[in-house]
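The sequence shown begins at 1 in full-length UniProt numbering and counts up one residue at a time. Using N, Cα and C, we set each Cβ at its ideal position, and we do this for glycine too.
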Amino acid sequence: SSDGIIRIHQSKGNKDRIVSLPDKLLATLRHYYQAFKPKEYLFEGEKGGKYSERSVQLILKKALVKANVQSEGSVHTLRHSYATHLIQSGIDIRIVKELLGHENIKTTMIYAHITDIDKQKTPSPLDFL
1 SSDGIIRIHQ SKGNKDRIVS LPDKLLATLR HYYQAFKPKE YLFEGEKGGK
51 YSERSVQLIL KKALVKANVQ SEGSVHTLRH SYATHLIQSG IDIRIVKELL
101 GHENIKTTMI YAHITDIDKQ KTPSPLDFL
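Here it is as C-alpha cells:
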C-alpha cells in the first residue's frame with residue numbers, strides 16, 4: 001500500500017478493517033510479500049489459504065515465549081492493547097470506534113480506562129485563562 005494502510009478483509013465479526021502501519025513495518029511487509037508472493041492472503045498457511053484461528057493463537061503463543069513475555073497473551077489482548085494505546089495517545093474515541101469496527105460507541109468505551117496519570121495530565125480550565 002502506498003498510503004501506509006493495510007486493509008483487512010473479513011476480520012472479527014466478518015467485518016473489513018483498515019490499520020495504519022509505520023513505514024518501517026511497511027517496508028518489512030513489502031520485502032516479505034516479494035519473497036513469498038502470497039496468492040490470496042498476506043499470511044497464508046503451508047497449503048495456502050488463511051490461517052485458522054487456532055494457528056494464529058499458537059503462532060502468538062510461540063512469539064510471546066520467544067520474546068520472553070511472562071504474562072498470558074491472546075489475539076484479543078493485542079486488540080485491547082491497540083485500542084487502549086490509541087485512546088491514551090489522544091486519538092478521538094470515534095476514530096478508535098471505526099478502526100475497531102464497533103457499531104456502538106459504548107463498546108469502544110470499554111477501552112477508555114482512566115488512570116491516575118491521565119487525571120494528572122488533564123489541565124485545569126483555569127490554565128487557559
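Counting of Cβ neighbours within 10 angstroms places K24 among the exposed residues, the total staying below 16. Closest in alpha carbon position to I6, among K15, D16, S20, L126, is S20. I8: member of the beta strand (DSSP E) spanning 5 to 8, first to last residue. DSSP places S20 outside any alpha helix (DSSP H); the residue lies instead in the beta strand (DSSP E), whose first and last residues are 17 to 20. If you draw a straight line from the Cα of G90 to the Cα of T122, it comes to about 12 Å. Annotation for F43: no alpha helix (DSSP H) segment contains it, and DSSP assigns it neither H nor E. With 16 or more other Cβ atoms from the protein chains shown falling within 10 Å of its own Cβ, Y111 counts as buried. In the DSSP annotation of this structure, the continuous segment of the alpha helix (DSSP H) that includes Q57 starts and ends at 53 to 66.
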